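Numbered according to mature numbering (1 follows the signal peptide of the UniProt record, and there is no 0), the sequence shown spans residues -21 to -1, 1 to 80.
We treat Cβ as the ideally placed atom computed from N, Cα and C, and that holds for glycine.
Owing to the predicted nature of the structure, the values given are computational and were not obtained by experimental measurement.
As C-alpha cells, the structure follows; a few thoughts come after it.
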Amino acid sequence: MEIRSLLFIAILAVLALSTQAFAPSPFGLRTTSSTALEACRVNAKKEKRQRNRENMRKFKSKRGTSRRKTMKKLQANAARAVRCNKVMLHLVALIMNTSNF
C-alpha cells in the first residue's frame, strides 16, 4: 500500500512538471517578437544616422571666410594698431616728463 501511494505521488509529480503551465515558453516565439523589435530599433537607428548626416551637411561651416568677416578683421587690426600707437606715445611722453624731474 505504501509503495502504491509513493508511486502515485511520483506519477502526479511527473505529470505536474510536464504540463504546459510549468514548462518554459517556447524559444521560437520569443525570438520572433524580439526580432521584430530589433528590426524596429535598427530602422530607427538608420533613420537617425540619415538625419544626422543631413544636419551635418546643412550646418557645417563654409570652407573660406566671407568677405564681411575678412573686412571686419582688417578693421579690428587697424583699430588695435592705432590704440597701441596711442598708448606708446603716452608712455613715451610720460617717461620724458618724469625724466626731466
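Per-residue DSSP class, three states only, for residue i
i     : result
Thr44 : coil
Lys39 : coil
Proximal residues to residue i (C-beta, below 8 Å), its chain only, five neighbours per side dropped
i        : result
Glu(-20) : none
Same chain, Cβ closer than 6 Å to residue i, neighbours up to 5 away in sequence not counted
i       : result
Ile74   : none
Ala(-9) : none
Any C-beta of chain C under 8 Å from that of residue i
i     : result
Val71 : Judged by its chain identifiers, the structure shown contains no chain C, having just a single protein chain.
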